[in-house]
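Here is the structure we will look at.
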Amino acid sequence: MIAITNKKKFIVNIIIVVIIALVAFRLVWGSGEIQKAGDIEIAQGAKAADVWRMLVNEGYSDRTIPWKYFGRDDNAAAKIQAGTYHLEQGEKVSLVLSRFVRGETKSNEQSVTFPEGFTEKQIAARIADRQGVVVKDFLQESTPAQFAEKFPFLLNLPKSRTLEGYLFPDTYRLAKDDVPKDVIVRMLANFNAKVTQELRDEAKAQNRTLDEIVIMASIIEKEVQSAEDMALVSGVLWKRIDDNEGLYADATLEYIVNKDGELTVGDLLKDTPYNTRKYRGLPPGPISNPGLSAILAAIRPQKSDYYYYLTTKEGKTIFAKTNDEHNRNKAKYL
Numbered sequence: 156m157i158a159i160t161n162k163k164k165f166i167v168n169i170i171i172v173v174i175i176a177l178v179a180f181r182l183v184w185g186s187g188e189i190q191k192a193g194d195i196e197i198a199q200g201a202k203a204a205d206v207w208r209m210l211v212n213e214g215y216s217d218r219t220i221p222w223k224y225f226g227r228d229d230n231a232a233a234k235i236q237a238g239t240y241h242l243e244q245g246e247k248v249s250l251v252l253s254r255f256v257r258g259e260t261k262s263n264e265q266s267v268t269f270p271e272g273f274t275e276k277q278i279a280a281r282i283a284d285r286q287g288v289v290v291k292d293f294l295q296e297s298t299p300a301q302f303a304e305k306f307p308f309l310l311n312l313p314k315s316r317t318l319e320g321y322l323f324p325d326t327y328r329l330a331k332d333d334v335p336k337d338v339i340v341r342m343l344a345n346f347n348a349k350v351t352q353e354l355r356d357e358a359k360a361q362n363r364t365l366d367e368i369v370i371m372a373s374i375i376e377k378e379v380q381s382a383e384d385m386a387l388v389s390g391v392l393w394k395r396i397d398d399n400e401g402l403y404a405d406a407t408l409e410y411i412v413n414k415d416g417e418l419t420v421g422d423l424l425k426d427t428p429y430n431t432r433k434y435r436g437l438p439p440g441p442i443s444n445p446g447l448s449a450i451l452a453a454i455r456p457q458k459s460d461y462y463y464y465l466t467t468k469e470g471k472t473i474f475a476k477t478n479d480e481h482n483r484n485k486a487k488y489l
């Protein structure tokens with residue numbers, strides 16, 4: 156009996172030691188990612204240890220192991236170049252070190268903004284315009300499979316899908332030699348940082364998958380011009396889905412026919428699962444890349460008695476409780 160007790164104590168002690176070791180490892184090695192976005196200035200002649208301390212002290216890195224232990228095979232840490240650098244939240248520390256070594260300072264970079272609601276084709280066109288790359292090169296890289304290992308939230312997406320919906324809209328600093336894959340990684344890292352695990356758990360508690368949330372958010376982003384109305388529209392759309400009613404969201408059809416408004420009768424009759432007048436439920440994929448406000452609205456819909464809405468030419472959202480009221484609103488505002 157005493158031997159069994161001692162054995163249990165030994166096992167418990169081993170478990171405690173392992174836990175302490177794991178915690179210590181996490182505290183020392185950190186996440187390996189940049190913790191916040193911002194600019195840093197590296198002085199001429201600064202040593203790798205100085206740069207490392209600055210990043211830790213200013214809250215950019217939670218990794219407390221000096222950088223002299225990174226890239227030691229090619230002595231990369233000793234080749235850090237002076238200048239002002241912009242860091243993105245979610246960037247790998249090892250990649251940041253590589254940028255310091257290559258001298259990719261802000262003078263070699265440009266700010267490029269991708270607004271909320273941009274499609275991947277619009278993103279590709281803007282990158283092509285600013286970076287001189289070919290649009291199709293970006294679109295060819297926009298496949299979940301090659302990024303799923305690094306970003307597990309992409310694992311369950313159908314093979315036929317692209318990264319539409321997950322290219323997080325924001326302003327990014329792009330270096331002259333950035334290729335499409337570099338930009339995509341930053342956008343996915345930004346999505347991963349902004350759409351936190353807490354938000355994903357919140358969606359899961361409602362029996363919604365992350366992909367369903369992203370698809371709904373992409374519709375809200377295109378349908379609603381006022382951030383204040385997004386949660387209310389979200390409530391209307393989720394209610395219609397729960398009632399097995401069509402969404403009647405013109406934005407889904409505009410996406411597939413590549414139009415921005417002014418749908419024709421032929422468009423409205425088009426037989427496609429993106430025609431939410433004909434098909435129930437969500438469309439097969441996102442129709443834009445939504446911002447955080449639309450994503451939050453999709454996760455946190457506002458309950459109401461409304462069942463219909465429309466957007467006026469001035470961008471105002473008008474709600475209705477009945478079809479008759481909705482028809483009167485259409486006659487008045489459209």
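Counting along the sequence shown from 1, when you hit position 320 you're at 475 in our numbering, and nothing is skipped either side. Every residue gets a Cβ at the ideal spot worked out from N, C-alpha and C, and that includes glycine. In this text, all values refer to a predicted model and were calculated from it rather than measured experimentally.
Practice prompt. Mind reading off the beta-carbon distance from Y321 to L294? Whole number of angstroms is fine, and I expect it under 8 Å.
Written response: Contact flag wrong, Cβ pair sits at about 14 Å.
Worksheet item: Thinking C-alpha only, which one of G193, E243, N484 is nearest I339?
Response: E243
Worksheet item: When DSSP labels each residue in this structure, what does G390 get in the three-state scheme?
Response: helix
Discussion item. Quick check on the DSSP output: the beta strand (DSSP E) that includes L465 runs from which residue to which?
Written reply: 463-466
Discussion item. Going by C-alpha to C-alpha distance, which of T466, A203, A348 sits closest to F255?
Written reply: A203
Worksheet entry | Anticipated Cβ contact below 8 Å, M209 with I195, distance rounded | 7 Å
Worksheet item: Beta carbon of K476, beta carbon of Y461: below 7 Å?
Response: yes
Worksheet item: Helix or strand or just coil, what does DSSP make of T268?
Response: strand
Fill in: Candidates G193, G187, A237, D422, of which the one nearest D205 by Cα
A237
Practice prompt. Check whether the Cβ atoms of G245 and A348 lie closer than 7 Å to each other.
Written response: yes
Fill in: Proximal residues to Y224 (C-beta, below 7 Å), its chain only, five neighbours per side dropped
Unreliable positioning characterises Y224 in this predicted model, as indicated by a pLDDT of 45, which lies under 50. The coordinate reading is nonetheless provided below. Answer for Y224: no residue qualifies.
Discussion item. Looking at the secondary structure, which residues open and close the beta strand (DSSP E) in which R328 lies?
Written reply: 326-330
Worksheet item: I454 lies in the alpha helix (DSSP H); which residues open and close that run?
Response: 447-454
Item to complete: Hey, could you find the ends of the beta strand (DSSP E) T407 is sitting in?
Response: Careful: T407 lies outside any beta strand (DSSP E), inside the alpha helix (DSSP H) at 405-412.
Practice prompt. Within its chain, find whatever has a CB closer than 6 Å to the CB of G258; leave out the 5 residues flanking it on each side and keep chain order.
Written response: Q236
Practice prompt. Compute the Euclidean distance between the alpha carbons of E275 and N430, then round it to the nearest angstrom.
Written response: 20 Å
Discussion item. Taking the beta carbon of A300 as the centre, do at least 16 other beta carbons fall within 10 Å, making it buried, or is it exposed?
Written reply: exposed
Worksheet item: Between the Cα of Q380 and the Cα atoms of E480, S448, D479, E213, which residue gives the shortest distance?
Response: S448
Fill in: With 16 other Cβ atoms within 10 Å as the buried cut-off, status of G200
exposed
Worksheet item: DSSP three-state call for S216: helix, strand or coil?
Response: strand
Worksheet item: Whose C-beta lies closer than 8 Å to the C-beta of R455 among residues of the same chain, with five residues either side of it excluded?
Response: E357, A386, S389
Worksheet item: So does the segment 432-441 actually touch the segment 389-405, counting three or more Cβ pairs closer than 8 Å?
Response: yes
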